Each structure stands twice: as C-alpha cells, then as structure tokens.
Amino acid sequence: MSQPILFQPITLRGVSSKNRILISPMCQYSAIDGVANDWHLVHLGKFAQGGAGLVMVEAAAVTAEGRITHGDVGIWNDGQIAPLKRIAAFLKENGAVPSIQLAHAGRKASMQRPWYGNAALDDADRARGDLPWRTVAPSAVPMDEGWLMPHALELAELADLRQQWRRATLRAVDAGFEFLEVHCAHGYLLHEFLSPLSNRRSDAYGGDRDGRMRYPLEIIETVRAVWPAERPLSVRISSVDGVEGGLLLDDQIAFAREAKARGADLIDCSSGGLLGSATAARIPRGYGFQVPYAAEIRTSAEIATIAVGLILHPQQAEDVLTNGQADLIAIGREALFDPNWPLHAELALRAEGGEVFTSWPKQYGWWLERREPGLRKLDGPPLPFRKI
Ligand SMILES: Cc1cc2nc3c(=O)[nH]c(=O)nc-3n(C[C@H](O)[C@H](O)[C@H](O)COP(=O)(O)O)c2cc1C
C-alpha cells in the first residue's frame, strides 16, 4: 500500500516539509510586552515532537498598536527576536518547518484576553493594569457597540505601516523562520481593508474591490520583497464574511489571484470574524466546514491552498488531499487536545505490518517499539490509535 498523501513530503519553493500537516497559528495571550517565552517554546515544541511537518507561531504583531491583547506575541522590535529564534531553532531541530504568522489587529486591537471576556478592554482590565490603547482601521467604523472608535489611517500612516511590515519580515528572517503567513483574515486590519462593511474610504484604498484590495496587496508585495525568494509565503483569508453585504467567495478568489501575482504561494482558507470575536460562529460549522473554500480557491485562482477548521480525523484529512481540495492540512484545536496528532494519525493510516514507531522521536520511539509486541499479547481493550 502506498504512503498516505498526508505523510508524503512536499516542497514549497526551496523549503521541504516531511508531511502535509501544519499546526495552525494559535494565540496564547501569554507574552509580556510582545516577548515570547518558555510557554511558547513548550507549546510549539510539543507539536514538532508530535510529528507536524510545519508549526506556525501565533499572530505576531507588527506594531504594538496592532496587538489583539496585552498578551500577544510581537515582532515590532529587535528585542523580540531572541526568544523567537530559540523557538524556530527548536522546531527545526525537531523536524518541523519553523513558521510564523505576521499580523495587525486593526480595530480589533485593545481586546481582553479570551478568559477575561473576549470583548473591548473595560474597567476590570484597567484594574489589572491592562489599559486600552488607540485602535486603527481603514475607516472610523467600530466593530460593534461597546467597541472603541478606531482612528482612520491616513496616507502617511499607511506608508509608515508598510515599513513596519517590512521590518517585521526582516526580523522573522533573522529569527530563522522558513515559512511566513500574512494575516488577512478574521476581521483584523488587512481584512478590514478588504471588506466593504469595514472599509468606507473614498481614496485609492477604498471604494470598489480593486481599491479595497490595494493595501493588503501592497503589504504582500512589501513582505515578499524582503522575504527570501526560496521561502514560501502564505496568505490567510476569511474566504467569506458570512454577513449581509460582506465579502463573498468570488471577491476572495479575485484577491487570491492578485496575491499570487505578487508572490504568494498559498492561501490559508479560513472564514468570518469581521464582526464579533474571531471565533464567533457566523458560518455553520460542521466537520471540515471550510474545506469547500480551499477547494474552490485552489481551482479558480490556481494557487495551492491550506484547508483548516474542524479537521479532526486522519482519514478526513487524507480525503481532503486525495480529492485535490487542498495542499496542506492545518490542525488547530485538535492539536491542543492531542499534540501528537500527526504521529497518531500516521499510526491510524499506516499500512499494516512493519515497525510502528519509526517516525517518533527516538527518545520515545525506541521504548514504544519494544513495548509493542508485549502489548499485543495482552488481553484487554483495544489499543487506542493503532491499526496493526
Ligand atoms: C486558541 C486559539 C488561538 C488562535 N489564534 C489564531 C491566530 O493567531 N491566527 C489565526 O489566523 N488564527 C488563529 N486561530 C484560529 C486557528 O488557527 C484555526 O483556524 C481555527 O481554530 C480552526 O481550526 P480548528 O478547528 O482545527 O481549531 C486561533 C484559534 C484558537 C483556538
């Protein structure tokens, strides 16, 4: 039996991943002054030990103002590079492509950490020392009632912000990352430019679809110009807004085409988030609910895609690849549930016979391989995750 596609290597530009599994970026809200720490190292390191081909650092803010919360990881100053470098080195040493997402939260900045309420910062947060800060957006349109009125970015500020993205990208290079993603999804700044609901500008950066795409595309160009040619660039989008009058899949297919023309290699196909929290469900959620977007964008924009969202079962992931719906599978919360998801998925999908634990870190695999024959002789309930 041939190797499942999920576990076949893939090469993107000059970077090879041992399999098609990407651990999706997941904010931990646990940094101080944007500086990553041991929590992030262990959180991400587990996924490399767990067999993922690519492990992506959460949304790293390109400016302090662009953080979602006080706990976000940042990449807006050189002092933030060293702990990221340590993480990238650990990921690489343990077989994963070190990856990072760059982001600006726009009008969804100055938020509470999820466990403090997931809304705009309030008096309880002030009492903890978490003061609100000025938010920025394409237009002075707040996300919802009770949210800060954002400052509409002026042309000179847009130019300055392009430079911040450029510098952040150079820091990501310095830190040793090999796969970079520009966050254009979930209602954050670049998505706010794309959507007619949040972008009411009347200058060149607003109006029709071309105008609304202009700034995100300039950012992609700016990043690509300094991101090494042999390293892949992904763009995460909200494939649809899922809100009356918002972005439709056709809009995002057009954006994907333009992103590709500017050097993006993959589109990471998420959805929603323009109104309410990034995780607020406005699109009905079933297993693999965003896979059809990845499939449609892959075909229509002729660009590689990442499928994400409630992909839980190994065979489900394999089917997405076999059906040609996406090129990579991103696993988010299921990796929190089981950081060894890729290793377990391989056991579940593997052909019968032979050594079982060859993909595992030798520190674990050596022992597990030797335990296995004895385990198979024992009476008792079936062993989890194994097909032997
Ligand atoms: C704790 C947490 C933090 C997240 N942070 C980010 C993030 O930094 N950037 C991003 O694009 N998406 C973020 N997401 C969304 C995930 O990357 C992923 O798209 C989403 O959870 C759906 O995939 P899943 O069903 O496999 O979890 C986050 C999700 C969770 C649960």
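Everything in the sequence shown is counted per our numbering, starting at 1064 for the first residue and increasing by one. Just so it is clear, CB atoms sit at the ideal spot from N, CA and C, and this is done for glycine as well. Predicted model, so just to flag it, every value in this text is computed and none were measured.
Less than 6 Å between C-beta atoms, sequence neighbours within five positions excluded: which residues of the same chain meet that for residue i?
{"i": "residue 1254", "result": "1247, 1248, 1301"}
{"i": "residue 1380", "result": "1069, 1374, 1392"}
{"i": "residue 1093", "result": "1102, 1134"}
Alpha carbon to alpha carbon, what distance is there between residue j and residue i?
{"i": "residue 1139", "j": "residue 1368", "result": "28 Å"}
{"i": "residue 1356", "j": "residue 1262", "result": "23 Å"}
{"i": "residue 1086", "j": "residue 1394", "result": "5 Å"}
{"i": "residue 1161", "j": "residue 1267", "result": "36 Å"}
{"i": "residue 1193", "j": "residue 1146", "result": "23 Å"}
{"i": "residue 1232", "j": "residue 1205", "result": "29 Å"}
{"i": "residue 1242", "j": "residue 1418", "result": "32 Å"}
{"i": "residue 1358", "j": "residue 1317", "result": "15 Å"}
{"i": "residue 1216", "j": "residue 1154", "result": "37 Å"}
{"i": "residue 1311", "j": "residue 1384", "result": "24 Å"}
{"i": "residue 1282", "j": "residue 1225", "result": "6 Å"}
{"i": "residue 1433", "j": "residue 1361", "result": "43 Å"}
{"i": "residue 1442", "j": "residue 1436", "result": "13 Å"}
{"i": "residue 1292", "j": "residue 1065", "result": "33 Å"}
{"i": "residue 1137", "j": "residue 1280", "result": "22 Å"}
So the candidates are the options; which of them puts its Cα closest to the Cα of residue i?
{"i": "residue 1207", "options": "1358, 1336, 1266, 1421", "result": "1336"}
{"i": "residue 1364", "options": "1313, 1353, 1349", "result": "1313"}
{"i": "residue 1105", "options": "1230, 1402, 1307", "result": "1402"}
{"i": "residue 1348", "options": "1204, 1333, 1156, 1321", "result": "1333"}
{"i": "residue 1088", "options": "1244, 1439, 1211, 1428", "result": "1244"}
{"i": "residue 1460", "options": "1319, 1389, 1414", "result": "Absent from the model: residue 1460. The displayed extent of the chain is 1064 to 1451, so no value can be given."}
{"i": "residue 1218", "options": "1179, 1178, 1358, 1277", "result": "1277"}
{"i": "residue 1339", "options": "1308, 1251, 1397", "result": "1251"}
{"i": "residue 1234", "options": "1200, 1197, 1124, 1171", "result": "1124"}
{"i": "residue 1174", "options": "1154, 1211, 1411", "result": "1211"}
{"i": "residue 1111", "options": "1422, 1437, 1442", "result": "1422"}
{"i": "residue 1150", "options": "1100, 1198, 1303, 1167", "result": "1100"}
{"i": "residue 1084", "options": "1397, 1142, 1144, 1430", "result": "1397"}
{"i": "residue 1400", "options": "1095, 1081, 1109", "result": "1109"}
Cutting at 7 Å between CB atoms, please list the residues of its own chain near residue i, excluding the five before and the five after it.
{"i": "residue 1152", "result": "1239"}
{"i": "residue 1305", "result": "1334, 1335, 1345, 1346"}
{"i": "residue 1128", "result": "1172, 1196, 1197, 1199"}
{"i": "residue 1176", "result": "1092, 1132, 1134"}
Quick test of your reading: residue i and residue j, contact by CB under 8 Å. State the CB separation rounded to the nearest angstrom.
{"i": "residue 1296", "j": "residue 1286", "result": "7 Å"}
{"i": "residue 1284", "j": "residue 1345", "result": "Actually they are not in contact, since the Cβ atoms of residue 1284 and residue 1345 sit about 30 Å apart, beyond 8 Å."}
{"i": "residue 1256", "j": "residue 1230", "result": "Going by Cβ atoms, the distance from residue 1256 to residue 1230 rounds to 20 Å, so no, they are not a contact pair."}
{"i": "residue 1130", "j": "residue 1180", "result": "In fact, because the Cβ distance is near 16 Å, the residues do not count as touching under 8 Å."}
{"i": "residue 1091", "j": "residue 1121", "result": "6 Å"}
For residue i, count the other beta carbons within 10 Å of its own beta carbon; 16 or more makes it buried, fewer makes it exposed. Which is it?
{"i": "residue 1191", "result": "exposed"}
{"i": "residue 1079", "result": "exposed"}
{"i": "residue 1445", "result": "exposed"}
{"i": "residue 1420", "result": "buried"}
{"i": "residue 1202", "result": "buried"}
{"i": "residue 1072", "result": "exposed"}
{"i": "residue 1227", "result": "buried"}
{"i": "residue 1183", "result": "buried"}
{"i": "residue 1126", "result": "buried"}
{"i": "residue 1315", "result": "buried"}
For residue i, I'd like the list of residues in its chain whose CB is within less than 8 Å of its CB, leaving aside the five on either flank, ordered along the chain.
{"i": "residue 1328", "result": "1075, 1076, 1295, 1296, 1297, 1366, 1367"}
{"i": "residue 1424", "result": "1112, 1157"}
{"i": "residue 1259", "result": "1275, 1308, 1309, 1310"}
{"i": "residue 1214", "result": "1197, 1198, 1199, 1200, 1203"}
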